[in-house]
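A short write-up of the structure that comes next.
Protein chains in written order, with this note's numbering: chain A, 67 to 290; chain B, 2 to 868.
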């Protein structure tokens, strides 16, 4: 899925010019379909905000965001929900699994929402759990897993419905280096086999090395 | 500083939850305040009337029955020289005809008798008549005349002469003005079965006795009253002003009289109403108890939401005591604000409740005409005390928990979700149920079913302890059902309830309690109604009733003279008449009803008996041995059985039977008419029960009676069906307030669900945001929250239904029996129960809508940003 941002700015806080915080300032960016792009920058540089805008979780104050040919910044909430449901997978720093569902159910969540047949869900989830190495943990609940395991579940959940776009926000930020490396290997491997567009925000040079290229950010702007 | 950080700022930030909690307490306090105000006003109106009529008297000589011989005054004369003053008084209730008809102008002639007896009710209204010696009575009561009819003599004294005329009546000026009566207006009074036309000769300013009974009082000279109402030589009482209380012991009282302070009557009435008032309070308490759950939940949620802050504060050195007091302060703050709001709300509510309570007290106990509700410092103190003490108590446990937990544990999420072991809770619940069952067997204390109320509390506690298990079981049972119907959304809803068990189970316990009480009362009232309906069917077997007033209530103020009964008996189409007479009487330190009927007729027609089973045996024995039959409530209240004797009007009367009577809870003693007439020297009749000969229809008989007895004796003819309908109407009116109070409890409980779900939404905002990012639409999110509240409703309703049956058992067989002495047969009013359950379920479903809107408004980007 091709991503295109045109003159995107984003402010937080009141609409009053003087007191609002400019998080993104006139950002234009193109990421080709199937790319593994890495957003790098210090804390507060606007990486997560940019990721949120691409993921249609937030709307830009000005400018346009395109996913493929669709201008997401112009879609209503219902269409955005549909888009997130079918076309995106998210991986977060703090795993963000649903605590009331077990590993299998967490991974199956996007397929359940799409009301896929039970058999198909079981097949796909088992396949994904196999790939992330957690088949033996299928019936466990998130609070029974280690950090690395939780993030592997999150990765499984992000790819199970084979979305054309995966967004990862500091996916190794809360893991030790060994587990971090395992997760990055997994993401890289999935990119190789499924070929989704991946946008990963990180401030780690090691993590950045896993991407096809790096987009550096500083004070809300993209460094050319 | 700690209070600001932990309590004040979060309270201000979480406005919805704060408002809901305060509202919950306010509604609970409002109900208690309103009931207290209404009760107080009803009693105050009565007390003020008694005081206003008693004037400066510090003692009274009163008869055990209605009247005493005026010769009692002769025995008092020797005390005059020692400063004692005495005033003979006739104080009777009656009916004023024609007053209140606005078409009737001042000085107009009274309306001619209507062609039919059933005249419009407004033209006959109850009035209190105070007849005194107008000259000597000035020592006792203040009469300020607004206007007096000027007599022939114009000197200072001569102008009062008109007041002593044989037809002179003095009315309070506002009362006369309202009814367009003036000096010279003619009004007809019907007192003790006698009708007499009076002329208004004087008008009183609104002070002293003129203020009693909201001014519905007429004053006349005692000689006039004795002549007009057939009370020659009789008095209602003698008012006394004794400078030295020891003089009271020197008064030689004739048999059947006592000397007492005027306040004794108030005390007796208060005692008579005690069970009724306690019952109302207990119901108001339900709303308050539900409010307590709300405070408990709010403080608990506050602690869970701020556990990290608590952990941090503890880590940097805050003492556990400070944490404890900070959360206790939160409870106190909610309590104070809720109480203040509750007092204002309660004051507004009280006028509405007063109308209902006043009607019930009038219908079942004493005549009182309360009109205004006054907020007294006592009631304000009660509201504040109830609201704050209960809020503090509710906050105690969570505050204690917060202060005890180690800082590291506070920071680690999820720990506070855990609750005590389910098996331990279940064992505790069983202990509560057993304790409730044992306590319910204890006897009443001072006529109040204390053990019953305590047993109710134990049952409620038992069910509250089971709440977590009930919520968990409901979730387990419904998870597959909801998943099949709503997919992943249904499953998420089902599993989220046990995930926040501590919060959801408290909300569920509160709703279970409100539902349980609603069901219990519906069962109790339904059973009682059915019992009364069957009783009325058995008791009202006659064809027609002849009555001197239209309504059943206040029937004691209008009477027939004995000859009306004789005249009815002689009618060619009448087979039998039963002449019923009832009156109130002091018995021991309380008031009972004493009545008479023609036992010969009753033997043939039957009476619903407790012991012996045969009414004929009981009534025959009563006739032969000059005995009485007593109501079940009398038997229970005074511990009297068949074979015991009771002393009434200096006579020892054996009890030959106990019968069922749901018409009053004071206790009724009934005797054969000849014995009654002999004992009380009273041959008046309240109601003539008419049994028709075969061959005449009720309609024909009614027409004939109306055309003959209507104008002649001012009689109203009522059919069997009309009596039954009226009894049921009075019954329903009495219990209306019960339903209203429980409705309030349900509202508070639903507020609890809204509050809990709103809190859960705030707490789960991150999780919900993630679901939204994962593709859950706003519609699906709404469905999920509404399903959660519905499921909570299902758990609570199911528990409430079972609790309701348990509580109704206590209400019917313990509380009702001990408070009122009534045996009620169990009956399930299916429609009412189904409707109550439907209301609770629907309310809980609707309760999910507001939090669902809150969930829809969650800003996804900010929610996932905050870690």
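Where is the CB? At the ideal position from N, CA and C, for every residue including glycine.
Residue i CB to nearest chain B CB: under 8 Å?
i                      : result
residue 147 of chain A : yes
residue 213 of chain A : no
residue 123 of chain A : yes
residue 331 of chain A : Nothing in the structure corresponds to residue 331 of chain A, since chain A is present only between 67 and 290.
Figure out for me which residue from the options has the closest Cα to the Cα of residue i.
i                      : options                    : result
residue 755 of chain B : B:25, B:804, B:14          : B:25
residue 112 of chain A : A:223, A:253, A:235, A:263 : A:235
residue 247 of chain B : B:83, B:706, B:843         : B:83
residue 537 of chain B : B:356, B:721, B:629        : B:721
residue 1 of chain B   : B:498, B:219, B:144        : The structure shown has nothing for residue 1 of chain B, since chain B only spans 2 to 868.
residue 821 of chain B : B:674, B:737, B:391, B:635 : B:635
residue 390 of chain B : B:816, B:353, B:338, B:693 : B:338
residue 243 of chain A : A:126, A:153, A:270        : A:270
residue 812 of chain B : B:547, B:265, B:591, B:437 : B:437
residue 528 of chain B : B:826, B:214, B:777        : B:826
residue 356 of chain B : B:840, B:738, B:864        : B:738
residue 440 of chain B : B:758, B:452, B:432, B:174 : B:452
residue 89 of chain B  : B:98, B:69, B:250          : B:69
residue 74 of chain A  : A:132, A:99, A:256         : A:132
residue 710 of chain B : B:271, B:569, B:67, B:81   : B:569
residue 855 of chain B : B:57, B:829, B:815, B:762  : B:762
residue 249 of chain B : B:256, B:257, B:237, B:262 : B:262
residue 399 of chain B : B:507, B:473, B:427, B:472 : B:507
residue 136 of chain A : A:89, A:166, A:101, A:72   : A:72
Which residues in the same chain as residue i place their Cβ atom closer than 7 Å to its Cβ, once the five residues preceding and following it in sequence are excluded?
i                      : result
residue 228 of chain A : 260
residue 540 of chain B : 609
residue 766 of chain B : 859, 864
residue 146 of chain A : 122, 138
residue 530 of chain B : 732
residue 91 of chain A  : 75, 286, 287
Give every residue of the same chain whose Cβ lies closer than 8 Å to the Cβ of residue i, excluding the five residues on either side of it in the sequence, and list them in chain order.
i                      : result
residue 149 of chain B : 160, 161, 163, 164, 184, 202, 203, 204
residue 514 of chain B : 287, 290, 291, 294, 461, 464, 465, 746, 750, 801, 804
residue 644 of chain B : 655, 656
residue 685 of chain B : 193, 194, 560, 561, 562, 563, 582
Determine whether the Cβ of residue i lies closer than 8 Å to any Cβ atom of chain A.
i                      : result
residue 796 of chain B : no
residue 731 of chain B : no
residue 861 of chain B : yes
residue 349 of chain B : no
residue 792 of chain B : no
residue 394 of chain B : no
I'd like the list of long-range same chain contacts for residue i, defined as Cβ closer than 6 Å, with 5 residues on each side in sequence excluded.
i                      : result
residue 97 of chain A  : 69, 103
residue 87 of chain B  : 77, 239, 241
residue 233 of chain A : 117, 121, 156, 265
residue 612 of chain B : 643, 659
residue 415 of chain B : Low confidence applies to residue 415 of chain B: its pLDDT is 43, below 50, so where it sits in the model is not reliable enough to give any reading.
residue 130 of chain A : 72, 137, 139
residue 106 of chain A : 274, 280, 282
For the stretch 752-786 of chain B, which residues have a beta carbon sitting closer than 9 Å to at least one beta carbon of chain A? Hits within the stretch, in order: 767, 768, 770, 771, 772, 773, 774, 775, 776, 777, 778, 779, 780, 781.
Using 8 Å as the Cβ pair cut-off and three pairs as the minimum, do the stretch 655-663 of chain B and the stretch 169-188 of chain B touch? Taking 8 Å as the limit for Cβ pairs, the verdict is that the stretch 169-188 of chain B does not touch the stretch 655-663 of chain B.
Pair every Cβ in the stretch 801-817 of chain B with every Cβ in the stretch 515-523 of chain B, then say whether three or more of these pairs are closer than 8 Å. yes
Assess, as a yes-or-no matter, whether the stretch 395-406 of chain B is touched by the stretch 293-301 of chain B under the definition of 3 or more beta carbon pairs within less than 8 Å. Contact between the stretch 293-301 of chain B and the stretch 395-406 of chain B is established, with three or more Cβ pairs separated by less than 8 Å.
For the stretch 445-461 of chain B against the stretch 775-795 of chain B, are there 3 or more C-beta pairs whose distance is under 8 Å? no
Is there contact here, the stretch 584-591 of chain B with the stretch 50-68 of chain B, by at least three beta-carbon pairs under 8 Å? Verdict: yes, contact present.
For the pair the stretch 32-50 of chain B and the stretch 779-786 of chain B, tell me if three or more CB-CB distances fall below 8 Å. no
Given 8 Å as the limit, is there contact between the stretch 465-481 of chain B and the stretch 490-498 of chain B, that is, 3 or more CB pairs closer than that? yes
Check each residue of the stretch 466-489 of chain B: if its Cβ is closer than 8 Å to any Cβ of chain A, include it; give the result in chain order. Within the stretch 466-489 of chain B, the qualifying residues are 488, 489.
Taking 8 Å as the cut-off, does the stretch 169-181 of chain A touch the stretch 212-230 of chain A (at least 3 CB pairs, one atom from each stretch)? Yes: at least three Cβ pairs fall under 8 Å.
Could you list the residues in the stretch 180-203 of chain A with a C-beta less than 7 Å from some C-beta on chain B, going in chain order? 181
Chain B contacts made by the stretch 160-174 of chain A, where a contact means CB separation under 9 Å: 160, 162, 163, 164, 165, 166, 167, 171, 174
Please identify, using Cβ separations under 7 Å, the residues of the stretch 496-512 of chain B that lie next to chain A, in order along the chain. 496, 497, 500
Do the stretch 130-144 of chain B and the stretch 214-231 of chain B touch if we need at least three Cβ pairs shorter than 8 Å? yes
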